[in-house]
Amino acid sequence: MAEPNHPSTGQGPRRSSRAAFVWLAVFIVIGIMALMRMPAENKTAELTQSEFENALAAGKIATAKIVPENDRVLSISGVFRSTEPVMATGAVVKNDAKAGSYKVRVLFSNELDSLLRGKANVTVENDTSGWWWNLLGAMLPFLLIIGAIYFISARQMRASGRGAMDFGRSRARMIPADELNIHFDDIAGADEAKEEIKEIVDFLKDPLKFQLVGGHIPKGCLLVGSPGTGKTLMAKAVACEAGVPFFSISGSDFVEMFVGVGASRVRDMFDEARKHVPCLIFIDEIDAVGRSRFSGLGGGHDEREQTLNAMLVEMDGLESRSGVIVLAATNRPDVLDPALLRPGRFDRQIVMDLPDIAGRRKILDVHIKKIKTEKNISLDVIARTTPGFSGADLANLCNEAALLAARFDREAVTQQDLEEARDKVSYGRERRSRKISDHERKLTAYHEAGHALVALHCKYATPVHKVTIIPRGQSYLGATFTMPKEDVYTRSYLELLDEMAMTTGGRAAESLTMGDITTGASADIEHLTHLARLMVCAYGMSDKIGLVHYGDFGPLRVRADAPQPESLSPETAREIDLEIRRFSEEAFNRAKELLIEHRDELEKLAAALLEKETLDIAEINVLLGRTPEPVAEPVEASREISPDAEIASAAETDASADAGQEKPDGI
Numbered sequence: 009m010a011e012p013n014h015p016s017t018g019q020g021p022r023r024s025s026r027a028a029f030v031w032l033a034v035f036i037v038i039g040i041m042a043l044m045r046m047p048a049e050n051k052t053a054e055l056t057q058s059e060f061e062n063a064l065a066a067g068k069i070a071t072a073k074i075v076p077e078n079d080r081v082l083s084i085s086g087v088f089r090s091t092e093p094v095m096a097t098g099a100v101v102k103n104d105a106k107a108g109s110y111k112v113r114v115l116f117s118n119e120l121d122s123l124l125r126g127k128a129n130v131t132v133e134n135d136t137s138g139w140w141w142n143l144l145g146a147m148l149p150f151l152l153i154i155g156a157i158y159f160i161s162a163r164q165m166r167a168s169g170r171g172a173m174d175f176g177r178s179r180a181r182m183i184p185a186d187e188l189n190i191h192f193d194d195i196a197g198a199d200e201a202k203e204e205i206k207e208i209v210d211f212l213k214d215p216l217k218f219q220l221v222g223g224h225i226p227k228g229c230l231l232v233g234s235p236g237t238g239k240t241l242m243a244k245a246v247a248c249e250a251g252v253p254f255f256s257i258s259g260s261d262f263v264e265m266f267v268g269v270g271a272s273r274v275r276d277m278f279d280e281a282r283k284h285v286p287c288l289i290f291i292d293e294i295d296a297v298g299r300s301r302f303s304g305l306g307g308g309h310d311e312r313e314q315t316l317n318a319m320l321v322e323m324d325g326l327e328s329r330s331g332v333i334v335l336a337a338t339n340r341p342d343v344l345d346p347a348l349l350r351p352g353r354f355d356r357q358i359v360m361d362l363p364d365i366a367g368r369r370k371i372l373d374v375h376i377k378k379i380k381t382e383k384n385i386s387l388d389v390i391a392r393t394t395p396g397f398s399g400a401d402l403a404n405l406c407n408e409a410a411l412l413a414a415r416f417d418r419e420a421v422t423q424q425d426l427e428e429a430r431d432k433v434s435y436g437r438e439r440r441s442r443k444i445s446d447h448e449r450k451l452t453a454y455h456e457a458g459h460a461l462v463a464l465h466c467k468y469a470t471p472v473h474k475v476t477i478i479p480r481g482q483s484y485l486g487a488t489f490t491m492p493k494e495d496v497y498t499r500s501y502l503e504l505l506d507e508m509a510m511t512t513g514g515r516a517a518e519s520l521t522m523g524d525i526t527t528g529a530s531a532d533i534e535h536l537t538h539l540a541r542l543m544v545c546a547y548g549m550s551d552k553i554g555l556v557h558y559g560d561f562g563p564l565r566v567r568a569d570a571p572q573p574e575s576l577s578p579e580t581a582r583e584i585d586l587e588i589r590r591f592s593e594e595a596f597n598r599a600k601e602l603l604i605e606h607r608d609e610l611e612k613l614a615a616a617l618l619e620k621e622t623l624d625i626a627e628i629n630v631l632l633g634r635t636p637e638p639v640a641e642p643v644e645a646s647r648e649i650s651p652d653a654e655i656a657s658a659a660e661t662d663a664s665a666d667a668g669q670e671k672p673d674g675i
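Count along the sequence shown from 1, add 8, and you get the number used in this note's numbering.
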């Protein structure tokens, strides 16, 4: 959506029209000067001195404009009295009859002077300044071009704030509250964050209520969350709801190659904000300027540290700063300086989490209103099958669904368009044009059928949603999608064992039916090793290793080939490796036993995949004669989270997120 012109400034169209007018005027003047300087067509007769004297004596000369070139030579030009040819020494002067003009260069003499003055009917004009006008006419076009270039360059420097006197000025842009037009109702899936940040709005509207009980509003709030969770949108909603001026700037705008510029811009930004209290300052991507200062040997980035020091002083220094509230956003709070996060500066950190099922459902309701859909679409299915999606991802999903419907000339978006858009956003577009041999198609069908069949016969596995053997992305030849009934925050021992068995179902099906194994299970093996390492090193689920934590399992996924901590003894490292291998082998053997027991179902499912390429859970149940599982209740409100679930470790949350969808398998 294009940004509207801001009436508060009123500089956009006016500056553009003024610049266009200046350019037009410059080109017109240059064109006129060029036309004036262009030599005229050859319509002027060039006379010799004797021919000119004969014509003058015969009364044929009407005007004579004399321009002295030096003390002896005169340049004379003018027009004839009549259009008759002038005879000179028996020859006809080559004179244009229509123009009737002439020019001649003569030597000055008393006879010529008396001849010119003796003719009363000849108008004589003396031009002693001809050389000056010729010089000015030759230089004027160049002067105009230089002036135009200087005018445009100076205007651009003033507009960009890069003048010699304005280089240290802040680039923060003040946006009036009525131009934001974003309210809390427009933000879905972040109920806790909205409740926490509404205190700022209440303070800006009625500060006396807080002051009567001796409280004060936080001076700064740091919005922390993954990309696309709505941090900037939340800051705009705060400014719009409070109805106060909103200063917006990026953290990178403070960092310059010139020393002292960043600190000067920080001071100027806060000085400008104090003139509009109460107001909000929003610093996006504050980690660009607020990174932790270097400590240790060697030097650091002095300019960045000066900028950070200036920000620390302005946020909580000797000068009072009441009425100015700082909001900042970052997805890297771990790199920020501790002095910036202390109470008195950023008193409060508001976490913008990835939405849960109920949050995703509300976000889909917001974005689905912008597109035309059929009445029978089920947003609950999309909400359940998109764990880990942010608000921006869901908005992109709805837009991709609309583009798919338009591509196939449909008048409204269907459920198929929504699911295809979900798969496209997650794993890439279908590549039906890829040439795949019959052997590889059959191998992929058995592989995906093995995944799905093991999941169907494991009691604690995540329910299967759809199976396909259509290639996607660069290397994926098939996929088995699962759909959890609700958001998962903790995983049990039995659930992890079933997920590991399902993960090895593809490799077990290959070895059982084809008598060979391929590289298609590489992603499955990586995921299997990751789960086994978490169970052994982080979850304490190995009787042999015990309740001991080994390694660093943060919110980022730990690679399967990650090096062991240096404090780990060789004996313990060997025991860990043996336990990981035991978990993996037991999962593979269990999956293989299940497939041998239900070999007929494996053959049916693989044959159906080769025929239809994609099967949903309803078609699979009909094919295998299974009783469908009860339909999950519609998603309406957020589920209450127990205190134990709230304190789940980051590693548990990471592992549970993997249960939402099985990664596609590639060969």
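Ideal Cβ positions, reconstructed from N, Cα and C, are used throughout, including at glycine.
- Counted as a single uninterrupted DSSP element, the alpha helix (DSSP H) harbouring C545 occupies residues 530–545.
- Restricting attention to R499, Y497, G528, T498, the CA atom closest to the CA of T512 is found in G528.
- Taking 4 residues as the minimum length, the alpha helix (DSSP H) runs contained wholly in the segment 330–416 are 346–349, 365–376, 387–392, 399–415, in order along the chain.
- Nearest Cα to L220 within the set G228, K227, F211: F211.
- Annotation for A65: the continuous alpha helix (DSSP H) segment containing it runs 57–65.
- Between the segment 373–392 and the segment 252–265 there are fewer than three inter-stretch CB-CB distances shorter than 8 Å, so the stretches are not counted as touching.
- For a cut-off of 8 Å, the C-beta gap from I385 to Q423 is around 5 Å, short enough to register as a contact.
- Take G270, set aside five residues on each side of it, and the residues of its chain with a beta-carbon closer than 8 Å to its own are F262, V263, E264, V297, E311, R312, Q314, T315, A318, in chain order.
- Counting along the chain, R113 sits inside the beta strand (DSSP E) bounded by residues 109–115.
- DSSP, reduced to helix, strand and coil, places E54 within a strand of the structure shown.
- As summarised for the segment 578–607, the continuous alpha helix (DSSP H) elements at least 4 residues long and confined to that stretch are 578–605, given in chain order.
- Taking S258 as the centre and dropping the five residues before and after it, the same chain places the C-beta of I291, D292, E293, A296 closer than 8 Å to its C-beta, in chain order.
- The beta carbon of A595 sits closer than 6 Å to those of M508, A509, T512, all from its chain and outside the five residues before and after it, given in chain order.
- Rounded to whole angstroms, the separation of the alpha carbons of A531 and L555 is 29 Å.
- With a minimum length of 4 residues, the unbroken runs of alpha helix (DSSP H) contained wholly in the segment 430–493 fall at 446–465.
- For the pair M147 and V75, the Cα-to-Cα distance works out to about 21 Å.
- Following the DSSP letters along the chain, one finds K202 inside the alpha helix (DSSP H) bounded by residues 199–213.
- Membership of F278 in any beta strand (DSSP E) is not indicated; the residue belongs instead to the alpha helix (DSSP H) covering 269–282.
- Note on T635: under 16 other CB atoms within 10 angstroms of its CB, so exposed under the neighbour-count rule.
- For L405, the closest C-alpha among the options G238, V421, E601 is that of V421.
- Here DSSP, grouped into helix, strand and coil, assigns M323 to helix.
- For G86, the CB contacts under 6 Å within the same chain, skipping 5 residues up- and downstream, are T71, A72, K73 in chain order.
- In this structure, A487 sits away from L617, with a CB-CB distance that is not shorter than 8 Å.
- The Cβ-Cβ distance between I588 and V630 does not fall below 8 Å.
- Per DSSP, reduced to three states, the secondary structure at V221 is coil, with no helix or strand assignment.
- Cβ contact annotation for R369 (same chain, cutoff 7 Å, sequence separation greater than five): L387, D388, A391, V643, in chain order.
- Per the DSSP secondary-structure output, D624 pairs in a beta bridge with K474.
- A Cβ-Cβ separation of about 33 Å leaves S592 out of contact with A626 under the 8 Å criterion.
- Within 10 angstroms of the beta-carbon of P363 lie 16 or more other beta-carbons, which makes it buried.
- Sixteen is the threshold: since fewer than 16 other Cβ atoms of the shown chains lie within 10 Å of the Cβ of Y501, the residue is exposed.
- Excluding five sequence positions before and after V274, the CB atoms of its chain that fall closer than 8 Å to its own CB belong to S178, F262, T315, A318, M319, E322, given in chain order.
- Straight through space, the alpha carbons of T394 and R442 are spaced by roughly 27 Å.
- One alpha carbon belongs to E621, the other to I477, and they sit about 5 Å apart.
- The straight-line gap separating the alpha-carbon atoms of R515 and V209 is approximately 56 Å.
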